[in-house]
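Numbered by mature numbering (1 follows the signal peptide of the UniProt record, and there is no 0), the letters in the sequence shown go through residues -24 to -1, 1 to 159 in order. Built from N, CA and C at the ideal position, the CB exists for glycine as well.
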Amino acid sequence: MVLAMLLPLLLCLLPSALLPPGACTTARKSPSKKCSSLQFWHQEAQACIPCENGYANKVPLHGDHAYTHPVLITPALCPTGLWGAPLQHLLDDPDVLEELIMLLDPEGKAGAGTRHLAARYGLSATWIDYAYSLRSTRSPLRATLETVAARQPDATLGQLAGLLAAMGRMDALQVLEGVQVGV
């Protein structure tokens, strides 16, 4: 009984390379499931899992413990242009960035925020504290994203979406979908 309850959570932690090819279906194609357009419904897990777009990059998911995350599937129903776009596109979209800043920068709110995101990108606690100390003149989220984009030029919006989903920030994930790519 307990294993049946934990199975969906455990499957969510698996790299999506282990998921069956073509498993990506969005909420538009599966109206009974409440997944965002950057996710697919995993039938066995009975959960929404972030889509990935057939790239392999180093994605630090837990502080300084980075690992190579090869993705072997290319789901046809995920927004591929958005998913594989460089992180810089978010920095170039002030409206979406401002919405994310309002969601993720405040401290003391329930849910993971900019501190958690920065830690998952592998930024040190000292760096994060420094970014928050400049908060009156500069957004910690903007500083985090600029630092990640500078240190990892191959960082993508898909990686950010995966981190937000892992943090349980579906509200921020929905805002991220509004980034204009190629405009």
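Could you spell out the range, first to last residue, of the alpha helix (DSSP H) harbouring PRO116? 116 to 127 is the span of the alpha helix (DSSP H), which, as asked, contains PRO116.
Around the C-beta of SER115, are 16 or more other C-beta atoms found within 10 angstroms, so that it is buried, or is it exposed? The residue in question, SER115, is buried, as its Cβ has 16 or more Cβ neighbours within 10 Å.
Beta-carbon contacts of ARG91 that lie in its chain and below 8 Å, excluding the five residues immediately before and after: Here the set comprises GLU83, ILE104, TYR108, PRO116.
When the Cα atoms are used, what is the spatial distance from GLY60 to THR102? One C-alpha to the other measures close to 30 Å.
Range covered by the alpha helix (DSSP H) that runs through ASP105: Where ASP105 is concerned, the enclosing alpha helix (DSSP H) stretches over 101 to 109.
Just how far apart, CA to CA, sit ILE77 and ASP130? Distance between the alpha carbons of ILE77 and ASP130: 22 Å.
Per DSSP, cross-strand counterpart(s) of PRO62: Under DSSP, PRO62 takes part in a beta bridge, and its partners are THR132.
Reference ARG96, options GLU153, GLY144, LEU152, LEU139, closest by Cα: It is LEU139.
Taking the CB atoms as reference points, tell me whether LEU93 and MET146 lie closer together than 8 Å. Between LEU93 and MET146, the C-beta gap is not smaller than 8 Å, which leaves the two residues out of contact.
Tell me whether GLY154 is buried or exposed, calling it buried when 16 or more other Cβ atoms sit within 10 Å of its Cβ. Exposed, by the Cβ-count rule.
Within 10 angstroms of the Cβ of GLN156, are there 16 or more other Cβ atoms? Answer buried if so, exposed if not. Looking at its Cβ environment, which holds fewer than 16 other Cβ atoms inside 10 Å, GLN156 is exposed.
Going by DSSP in three states, ILE75 sits in which element: helix, strand or coil? Before going further, note that residue 75 is Glu rather than Ile in the sequence given. Three-state DSSP puts GLU75 in a helix.
Rounding to the nearest angstrom, what Cα-Cα distance links ARG118 and GLU75 in this structure? Taking the straight line joining both Cα atoms gives about 11 Å.
Same chain only: Cβ atoms within 8 Å of ALA148, ignoring 5 sequence neighbours per side: Excluding sequence neighbours, ALA148 sits near LEU76, LEU79, LEU80, LEU140.
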